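Visitor:
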RNA sequence: GGGCGCGUGGCCCAGCUGGAUAAGGCGGCGGCUUCCUAAGCCGCAGAUCGCGGGUUCAAAUCCUGCCGCGCUCGCCA
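Residue numbers (this note's numbering): -17 to 579.
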């Protein structure tokens, strides 16, 4: 709790120094939030001081508490100091805390997440090969990436969301070849032979149509060397930036990409810019990079003239420690273009962030070392583990997938059915709108709530969960707050002026326990967001938001805003501030904060 | 085989830059609606934090050895 920390810091620092602590800053760095409410709001462990002070941690904590208690409790912010078992415990004055945070939140709702100076950053995420619809495995990247984009924006950063379009190379080559050489009948025939000829669930989306061509071409390629030859010819031309071939590729993948983006758009995921991989061939930067890497002391040449960096002494171990960046025929590789891409990205932002699947760990490390060699800073990278189906890894090529479009349809249909059961006052359109918001939000939340480095075993019932640890729970709390505000307005009151007057009065006396707990939870909004961003774990902010919703529900239970037609302005103000933060938090998580559900 | 990641109640999962009684949810059991949305709230039961060593005043957290799962070790992307 930073508000309390700022208040006690100086006094505690002085006392520690008087007591003989040589490094009070180091000691103060251990200030933590205690695990239990009866242990205060901040606690300082005194164990490390025991040796130097030749006293027990218990005595040190008690001594420290006694030294600072009088001063701290006489100034604003700290209501009590105590010690227990080697910890010095500090208790915040909740009335004071409320005056510190409520007006700001109310008057500047757009900056509730600000905690430190903003920076500009470019977040590259998703960047999936445009060869078929999103499946739930691939979409973890998009949902994670977009959540980072949203959290950073909430924290005040200037964020650019970027999609790196793989517009050349094998995957697109196969798709282009298939579209040029196959037709619907042929595709059906090939897929049927492998029992993969299922009717597309979304036949009017090009990504669902064309993925069948992609799958068929892959099957054909395995048995017909002519196919491999045809694809290779195309791929080679694309890597030489052959304008005609690149145009063919584009017309092959663009409709697929559009279909994919439509899915993401439904999830509230959008991009500010698209950068094509071929750009770095065309502008010659890849060529320059290959030349420069040739001068590295790590550089080596293979028998057929291929170039690599030897990374054995740079922490890369395994069967091969060589990082090839140029083929024997002089052409570049994907990773080489990625290096050029990073060089360019640094001209666009102060910070770079990449969201990558765990299968890219080695590649990312290799690119990182190459960037070091070129004196180019490394990006921040977030890796996430795969989503597996009960019968194995998802694969577009093999058709072993759950498509995001299908999951979203199902989620929204189920949500709509639930709303329909609970509400009889809404039109079909209103029900569908709520169901859509609930379904999409739930799917996002269920992916975000687990730590990125942990694998997800896909189960329909988990992905579609609307339980207490879910987006609908948070949305429900928000809708409750909206409902209260709505009801008060309907009774002829002016919520805005009621709330403004209450803030001005600054009266926070006699808060109930649940109201106090809510105030404290509200106070840590921006630091919870910040630490979630810093530790690169969106699930932490997820948990915070869940606890904010929980505290709001408890507050709601025993602090009524409307009592027999009379408005309790203090409770109204608390409810309104919670509503603002719930809404802001939802926007940071990609949860749609609807006003009624 | 080498490297990297993961392993927490029956199930899912938080906590991992070391700190107090390991936090939630699902499922199970039991309560709370004359009162602002019960998609809510309250309570009970359930965990030797994969196993063994080590470091430390203190280990789920750090180190190490095993075991299990995943990813990876292409002049593919």
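The beta-carbon is built from N, C-alpha and C at its ideal position, and this holds for glycine as well. Because the structure is a prediction, the values reported are computed rather than measured.
#1: Does the distance from the CB of residue 401 to the CB of residue 417 come in under 7 Å?
#2: Who are residue 70's beta bridge partners in DSSP?
#3: Ignoring anything shorter than 4 residues, give me the alpha helix (DSSP H) runs that lie fully in the stretch 289 to 370, in order along the chain.
#4: Note the first and the last residue of the continuous alpha helix (DSSP H) segment covering residue 398.
#5: Just checking my contact of residue 235 with residue 149 at CB under 8 Å: how many whole Å lie between their CB atoms?
#6: Any chance you could list the beta strand (DSSP E) runs of at least 3 consecutive residues sitting entirely within the stretch 108 to 156, in chain order?
#7: Give me the residue from 554, 74, 429 with the minimum Cα distance to residue 466.
#8: Can you say whether residue 374 is buried or exposed, counting buried as having 16 or more other CB atoms within 10 angstroms of its CB?
#9: Per DSSP, residue 439 forms a beta bridge with which residues?
#10: Check the DSSP bridge columns for residue 281 and list the partner residues they point to.
#11: Leaving out five residues on either side along the sequence, give the residues of the same chain with a beta carbon under 7 Å from the beta carbon of residue 392.
#12: Excluding the 5 residues preceding and the 5 following residue 361 in the sequence, name in chain order all residues of the same chain whose CB lies nearer than 7 Å to its CB.
#13: Please report the distance separating the alpha-carbon of residue 379 from that of residue 482.
#14: Could you pull out every residue in the same chain whose Cβ sits closer than 7 Å to the Cβ of residue 414, ignoring the five residues on either side in sequence?
#15: Kindly identify the DSSP beta-bridge partner or partners of residue 514.
#16: Let me confirm a value: residue 558 is counted as buried when at least 16 other C-beta atoms fall within 10 Å, else exposed. Which label applies?
#17: Write down the C-beta distance between residue 556 and residue 330 rounded to the nearest angstrom, noting that I regard them as a contact closer than 8 Å.
#18: For a quick check, are the C-beta atoms of residue 332 and residue 101 less than 7 Å apart?
#19: How far does the alpha helix (DSSP H) with residue 506 in it reach, from first residue to last?
#20: May I ask you to report which of helix, strand or coil DSSP gives residue 79?
#21: As a quick exercise: from 19, -9, 1, pick the residue whose alpha carbon is nearest that of residue 11.
#22: Smallest Cα separation from residue 194: which of 42, 307, 172?
#23: How is the alpha helix (DSSP H) around residue 221 delimited, first residue to last?
#24: Mind checking which residues open and close the beta strand (DSSP E) that includes residue 168?
#25: Quick check: the Cα distance between residue 81 and residue 268, rounded to an integer number of angstroms?
#26: Return yes when the Cβ of residue 305 is within less than 7 Å of the Cβ of residue 291, no when it is not.
#27: According to DSSP, is residue 562 part of a helix, a strand, or is it coil?
#28: Which of the three DSSP states is assigned to residue 9 in this structure?
#29: Taking the alpha carbon of residue 184 as the point to measure from, which residue in 140, 352, 241 has its own alpha carbon closest?
#30: Comparing alpha-carbon positions, which option in 29, 20, 298 lies nearest residue 346?
#31: Could you work out which residue in 39, 383, 436 is closest to residue 1 when comparing CA atoms only?
#32: Please say whether residue 188 and residue 238 have beta carbons closer to each other than 7 Å?
#33: Any idea what DSSP makes of residue 94, helix, strand or coil?
#34: Exposed or buried, which one is residue 327 when buried takes at least 16 other CB atoms within 10 Å?
#35: Do you know offhand how far residue 462's Cα is from residue 419's?
Guide: This is what the structure holds:
#1: The residue labelled residue 401 in the question sits at position 419 within the first chain. The residue labelled residue 417 in the question sits at position 435 within the first chain. Judged by their CB atoms, residue 401 and residue 417 are nearer to each other than the 7 Å cut-off.
#2: Sequence index remark: in the first chain, residue 70 carries index 88 (1-based). Residue pairing from DSSP places residue 70 in a beta bridge opposite 26, 65.
#3: As summarised for the stretch 289 to 370, the continuous alpha helix (DSSP H) elements at least 4 residues long and confined to that stretch are 316 to 327, 343 to 355, given in chain order.
#4: As a working mapping, residue 398 is identified with position 416 in the first chain. Where residue 398 is concerned, the enclosing alpha helix (DSSP H) stretches over 386 to 404.
#5: The residue you call residue 235 lines up with position 253 of the first chain. The residue you call residue 149 lines up with position 167 of the first chain. Confirmed, Cβ separation roughly 7 Å.
#6: Taking only runs of at least 3 residues, the beta strand (DSSP E) segments lying wholly in the stretch 108 to 156 are 140 to 147.
#7: Taking the first residue of the first chain as 1, we reach residue 466 at position 484. That would be 554, whose Cα lies nearest to the Cα of residue 466.
#8: In the first chain, the residue the question calls residue 374 occupies position 392. By the neighbour-count criterion, in which 16 or more other beta carbons inside 10 Å mark a residue as buried, residue 374 falls on the exposed side.
#9: Taking the first chain and counting its residues from 1, the one referred to as residue 439 is at position 457. DSSP, once it has assigned bridges, lists 370 as partnering residue 439.
#10: Reading the first chain from its first residue, position 299 is the one you call residue 281. For residue 281, which the question treats as bridged, DSSP gives the partners 291.
#11: Counted from its first residue, the first chain places residue 392 at position 410. Correct list, in chain order: 446.
#12: Residue 361 sits at position 379 when you count from the first residue of the first chain. Result list for residue 361: 324, 334, 335, 336, in chain order.
#13: Residue mapping note: residue 379 aligns to position 397 of the first chain, counting from 1. Residue mapping note: residue 482 aligns to position 500 of the first chain, counting from 1. Taken atom to atom, the span from the alpha-carbon of residue 379 to that of residue 482 is near 59 Å.
#14: Here residue 414 refers to the residue found at position 432 of the first chain. Here the set comprises 398.
#15: Translated into positions along the first chain, residue 514 becomes position 532. DSSP output for residue 514 lists no bridge partner at all.
#16: By one-based count along the first chain, residue 558 stands at place 576. With 16 or more other CB atoms across the displayed protein chains lying within 10 angstroms of its CB, residue 558 is buried.
#17: Residue mapping note: residue 556 aligns to position 574 of the first chain, counting from 1. Residue mapping note: residue 330 aligns to position 348 of the first chain, counting from 1. With a Cβ gap of about 42 Å, residue 556 and residue 330 do not count as contacting.
#18: In the first chain, counting from the first residue as 1, residue 332 sits at position 350. In the first chain, counting from the first residue as 1, residue 101 sits at position 119. Between residue 332 and residue 101, the C-beta spacing is below 7 Å.
#19: Taking the first chain and counting its residues from 1, one reaches residue 506 at position 524. Boundaries for residue 506: no alpha helix (DSSP H) harbours it, and the DSSP string shows neither H nor E there.
#20: In the first chain, residue 79 corresponds to position 97, counting from 1. For residue 79, the secondary structure class from DSSP, reduced to helix, strand or coil, is helix.
#21: Translated into positions along the first chain, residue 11 becomes position 29. The shortest C-alpha separation from residue 11 is found at -9.
#22: The count along the first chain starts at 1 and reaches residue 194 at position 212. Of the candidates 42, 307, 172, the one whose C-alpha sits nearest the C-alpha of residue 194 is 172.
#23: The residue you call residue 221 lines up with position 239 of the first chain. If you look at residue 221, you'll find it in the alpha helix (DSSP H) that goes 207 to 221.
#24: The residue you call residue 168 lines up with position 186 of the first chain. No beta strand (DSSP E) contains residue 168, which is instead part of the alpha helix (DSSP H) from 166 to 175.
#25: Counting from one through the first chain, the residue named residue 81 turns up at place 99. Counting from one through the first chain, the residue named residue 268 turns up at place 286. Rounded to the nearest whole angstrom, the CA to CA distance from residue 81 to residue 268 is 57 Å.
#26: Position 309 of the first chain, counting from 1, holds the residue named residue 291. Position 323 of the first chain, counting from 1, holds the residue named residue 305. Result yes, Cβ atoms of residue 291 and residue 305 sit closer than 7 Å.
#27: One-based indexing of the first chain puts residue 562 at position 580. Three-state result, residue 562: helix.
#28: For the purposes of this step, residue 9 is taken as residue 27 along the first chain, with counting starting at 1. Residue 9 falls in the helix class under three-state DSSP.
#29: Here residue 184 corresponds to residue number 202 of the first chain, with the count starting at 1. The residue from 140, 352, 241 with its alpha-carbon nearest to that of residue 184 is 241.
#30: Within the first chain, the letter at position 364 stands for residue 346. Residue nearest to residue 346 within the set 29, 20, 298 is 298 (criterion: CA-CA distance).
#31: As a first step, residue 1 must be located in the first chain, where it is residue number 19. Looking from the CA of residue 1, the closest CA among 39, 383, 436 belongs to 39.
#32: Residue numbering aside, residue 238 sits at position 256 when the first chain is read from its first letter. Residue numbering aside, residue 188 sits at position 206 when the first chain is read from its first letter. Against a cut-off of 7 Å, the Cβ pair of residue 188 and residue 238 comes out as a contact.
#33: What you label residue 94 is simply residue 112 of the first chain in a count that begins at 1. Here residue 94 sits in coil by DSSP.
#34: Sequence index remark: in the first chain, residue 327 carries index 345 (1-based). Per the 10 Å Cβ criterion, buried.
#35: Taking the first chain and counting its residues from 1, one reaches residue 462 at position 480. Taking the first chain and counting its residues from 1, one reaches residue 419 at position 437. Straight across, the Cα-Cα distance linking residue 462 with residue 419 is about 16 Å.
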